[in-house]
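Novice: Sharing a structure, written as structure tokens. Questions coming.
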Amino acid sequence: MANLGGFSNNPLNVISDSVSCSIELGDTNGAATTIWQDDTPFVINGTIVVENTGTMGVSPKAALHVNGAAIRGFVVAPGECRSVTVNDLRSISIVASGTGTAKIKISFSLNYKF
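If you read the sequence shown in this note's numbering, its first letter stands for residue 2, the second for the next number, and so on.
Written out as structure tokens, the structure reads:
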């Protein structure tokens, strides 16, 4: 689901987009799976929500990486949901670790002006 182009009539040209997707990942062996990447010159702020709907005790945990680095302590076990708000968002990635397959829902807002 994507809700793109939330334009306003504000002279600052403020944009608010929201995006959500679902992915299934097995253990990524420490490699990050990129979900979103910004290639614009704009400073983008946003809130990222990660929900792990995998089977408790069976599916991998999902760790969030932003701008190429792990968000300290942001590991989502099956049955859990976490969020974080980030300034100067340039990329969003997930690293899965554990056996089985993780079913992960990722939603994020993108707020910027130009």
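Backbone N, C-alpha and C fix where the C-beta goes; we use that ideal spot for every residue, glycine too. From a predicted model like this one, the values you see are computed outputs, not experimental measurements.
How close, in whole Å, do the beta carbons of N46 and N88 come, if the pair is a contact with beta carbons under 8 angstroms?
Specialist: What you label residue 46 is simply residue 45 of the sequence shown in a count that begins at 1. What you label residue 88 is simply residue 87 of the sequence shown in a count that begins at 1. Yes, they are in contact, since the Cβ atoms of N46 and N88 sit about 5 angstroms apart, within 8 angstroms.
Novice: Just tell me which of A97, G99, I93 has its CA closest to the CA of Q38.
Specialist: One-based indexing of the sequence shown puts residue 38 at position 37. Nearest option by C-alpha distance: I93.
Novice: Which residue from V67, M57, D40 puts its Cα closest to that of S84?
Specialist: Mapped onto the sequence shown, residue 84 falls at position 83. Cα-wise, what sits closest to S84 is V67.
Novice: I'd like to know whether the C-beta atoms of K62 and V76 end up nearer to each other than 8 angstroms.
Specialist: Taking the sequence shown and counting its residues from 1, one reaches residue 62 at position 61. Taking the sequence shown and counting its residues from 1, one reaches residue 76 at position 75. Contact: yes.
Novice: Could you compute how far the alpha carbon of T86 sits from the alpha carbon of T102?
Specialist: Within the sequence shown, numbered from 1, the residue matching residue 86 stands at position 85. Within the sequence shown, numbered from 1, the residue matching residue 102 stands at position 101. Distance between the alpha carbons of T86 and T102 is about 27 angstroms.
Novice: Could you check the C-alpha separation between P42 and R91 for me, to the nearest Å?
Specialist: Here the question's residue 42 lines up with position 41 in the sequence shown. Here the question's residue 91 lines up with position 90 in the sequence shown. So the two alpha carbons sit approximately 10 angstroms from each other.
Novice: Which residues in the same chain as I24 place their Cβ atom closer than 6 angstroms to its Cβ, once the five residues preceding and following it in sequence are excluded?
Specialist: As a position in the sequence shown, residue 24 is number 23, starting the count at 1. Closer than 6 angstroms at Cβ, skipping near neighbours: I105.
Novice: When the distance is taken between beta carbons, is D18 closer than 8 angstroms to L111?
Specialist: Against the sequence shown, residue 111 aligns to sequence position 110. Against the sequence shown, residue 18 aligns to sequence position 17. Closer than 8 angstroms, so yes.
Novice: Taking 8 angstroms as the CB-CB limit, is A78 close to chain C?
Specialist: Considering every chain present, this structure includes no chain C. It has just one protein chain.
Novice: Mind checking whether I36 and I72 have CB atoms under 8 angstroms apart?
Specialist: Position 35 of the sequence shown, counting from 1, holds the residue named residue 36. Position 71 of the sequence shown, counting from 1, holds the residue named residue 72. No, the Cβ-Cβ distance between I36 and I72 is not below 8 angstroms.
Novice: Thinking N53 and A33 are a contact (beta carbons under 8 angstroms), I'd like their distance in whole angstroms, please.
Specialist: Reading the sequence shown from its first residue, position 52 is the one you call residue 53. Reading the sequence shown from its first residue, position 32 is the one you call residue 33. Going by Cβ atoms, the distance from N53 to A33 rounds to 16 angstroms, so no, they are not a contact pair.
Novice: Give the secondary structure of F109 by DSSP, where H, G and I count as helix, E and B as strand, and everything else as coil.
Specialist: Residue numbering aside, residue 109 sits at position 108 when the sequence shown is read from its first letter. Note: F109 maps to strand in three-state DSSP.
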